[in-house]
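From first to last, the protein sequence lines stand for chains U and P.
Remember, this note's numbering sits 8 above the position in the first sequence when you count from 1.
Remember, this note's numbering sits 34 above the position in the second sequence when you count from 1.
Everything below concerns the one structure shown next.
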Amino acid sequence: MVLEGLRATLLIAIFGLLIGLIIGSLLAVFKLLPSRKLFPRILNGFANVYVTLFRGTPMVVQLLIVHFVLFPLIGINIPAEVEGTIAFGLNSGAYICEIMRGGILSVDKGQMEAGRAVGLSYGQTMLRIVIPQAIKNVIPTLGNELIVLIKETSVIGFIAVTDLTRAFQTMASNSYQYIISYLVLAVVYLVLVLIATVIIRFIERRLRAGDRR
Amino acid sequence: MIDVKNLYKNFGKVKVLKAVSTQIEKGEKVVIVGPSGSGKSTLLRCMNLLEEPTYGEVWVDGKLITPPDPYLHPDIIVKSKTFNKLKKLRESAGTYLEGEKLVQAIIKEIKDGDLLGKFEGREYKNALKDVYRTYGVPVDRVRARMGMVFQHFNLFNNKNVLQNLIMAPVLLHLQTKEEAEDNAMRLLKRIGLQDKAYVYPSTLSGGQKQRIAIVRALAMNPDYMLFDEPTSALDPEMVGEVLELMKELADDGMTMVIVTHEMGFAREVATRVMFMDDGRITEEGPPEKIFGAPENPRLKEFLSKVL
């Protein structure tokens, strides 16, 4: 059961981050679109509303809404784990949006100009030139987001998914060993976060290898 | 041919270009010189729309790349609400001008006063759209035939040299990947940097970066090349290799527009030198005349400082 919970925690955190990264990058691009025409302005407004909503309500509430309101309303029946992953993805998208916006702004303006000057479109240049460099710049901050997600997934028990926390809770109430169970649980989370930190450092170093200045 | 018509560019309240008109014919090598802040880089960047002009039009090979500028089309001004309002006003007030003369006078008044607003009626709007539908072309397509070289090279930092060269031709479906790679290796060989094909830009020297930036533009087989102070960010000992490559290009018959402070290069390569001052082209002509017998006092002053 613990292994099962560990698996759920990790999968939800990692896929949540990936979904968040895609949503966040899109929102960041929306926010940075040159906003003279109507369409970009609408996208811009959408991004602002999205970020406000998802940052302004608690994660647990969003999780409950996704599980009890959103999916029943659409009428699709998918496993609660997947619903949870989507909820975490939607939520972290709002935070990653701001991270990515900073990252994109930190990429030299000349990169976009050079892409446009050879005839690539705004989207092509963004996707292939600017965003890859932006991601590299924000890897440390994204790593932070992953760590937050790993810990934050502990609330997924609210929609009856067995993650690490839920597994230990069950174990504790079955064996009445509350003290040991919860202390071990804390240590497991700590170890997970430490491992994540090491992996992020490794990725960071690999990405930096290309551009020693 | 690049045809720049009555270009104005304002950055906020600062007027950088004021009524600049010029034409660049195929095969010409035009060097733009002038004091800093005179608008030469802005003019160059307007030619491929990296900077959007405030007023005026840019035509490339008979195609319009900017939005149509109503002030350049009297037949469109006539359709505007402002025009009709003014005409009625003048007529009711009684005027000695009649018919065509009155029309011309009002057009002039509108142009001088920049009186056209955002909402000028459907007829006016459709007329503008018609111009764009007839002559307009998406700017990306024109940029693909117009290479640009920047002061700070702007090689794609996340791509190696070969990827830098093949990216645009392949993504725009102008060449297959194999063709583009062959072409890129040939170009790298030409500048003697074929052994750098797989390294990243950050490991290159300034001169190498700029020469690769030039062949990146050449990889698109452009009809025009725009150079925005290509040697200004280079260490002195690397300026020569970049100018040498540009000279070769000129000898091959490339149409070039170059903003530079290298007067020796201008004298040697240019077919026409354009002197810009305070947002206007104040004097232009063959290099012998500009450097040998300058007329404009500002040009004389400029030359005495840089030569």
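Every residue, glycine too, gets a C-beta built ideally from N, C-alpha and C.
Treat the numbers as computed from the prediction; the structure is a model and nothing was measured.
Item: By DSSP's criteria, Q57 of chain P is part of a beta bridge. Which residues make up the other side?; Value: P:D37
Item: Do you know offhand how far V137 of chain P's Cα is from K159 of chain P's?; Value: 20 Å
Item: From Q57 of chain P to Q132 of chain U, what does the alpha carbon distance come to, in whole angstroms?; Value: 31 Å
Item: Do you know whose CA, among U:M134, U:V146, U:G165, U:N85, lies nearest I107 of chain U's CA?; Value: U:V146
Item: Buried or exposed: T17 of chain U, going by 16 or more other Cβ atoms within 10 Å of its Cβ?; Value: buried
Item: Note down the Cα distance separating H186 of chain P from P256 of chain P, rounded to an integer number of angstroms.; Value: 20 Å
Item: Using DSSP with H/G/I as helix, E/B as strand and the rest coil, what is F336 of chain P?; Value: helix
Item: With H, G and I counted as helix, E and B as strand and the rest as coil, what does DSSP make of L51 of chain P?; Value: strand
Item: How long is the line joining the alpha carbons of G53 of chain U and K39 of chain P, rounded to whole angstroms?; Value: 36 Å
Item: In its own chain, which residues sit with a C-beta less than 8 Å from the C-beta of A231 of chain P, not counting the 5 before and 5 after it?; Value: N194, V195, L196, A218, M219, L222
Item: With DSSP as the reference, please indicate the residues paired to T289 of chain P in a beta bridge.; Value: P:Y258
Item: Would you say P148 of chain U reaches chain P, if we count a Cβ-Cβ gap shorter than 8 Å as a contact?; Value: no
Item: Using a Cβ-Cβ distance under 8 Å, would S33 of chain U count as near chain P?; Value: no
Item: Give the single residue among U:E160, U:A142, U:F96 whose Cα lies nearest to the Cα of V201 of chain U.; Value: U:E160
Item: What do you reckon, are the CB atoms on H75 of chain U and E91 of chain U nearer than 8 Å?; Value: yes
Item: Note down, in chain order, each residue of its chain lying with its Cβ closer than 8 Å to the Cβ of L150 of chain P, except the 5 sequence neighbours on either side.; Value: P104, Y105, I111, S114, T116, I144
Item: If you measure from the beta carbon of N217 of chain P to each beta carbon in chain U, is any gap under 8 Å?; Value: no
Item: With a CB to CB cut of under 8 Å and the five nearest residues on each side skipped, what residues in its chain are close to S183 of chain U?; Value: S189
Item: From N56 of chain U to G24 of chain U, what does the alpha carbon distance come to, in whole angstroms?; Value: 21 Å
Item: Is the Cβ of M182 of chain P closer than 8 Å to any Cβ of chain U?; Value: yes
Item: DSSP on V94 of chain P, reduced to helix/strand/coil?; Value: strand
Item: Can you grab the Cα-Cα spacing for the pair A284 of chain P / V64 of chain P, in whole Å?; Value: 11 Å
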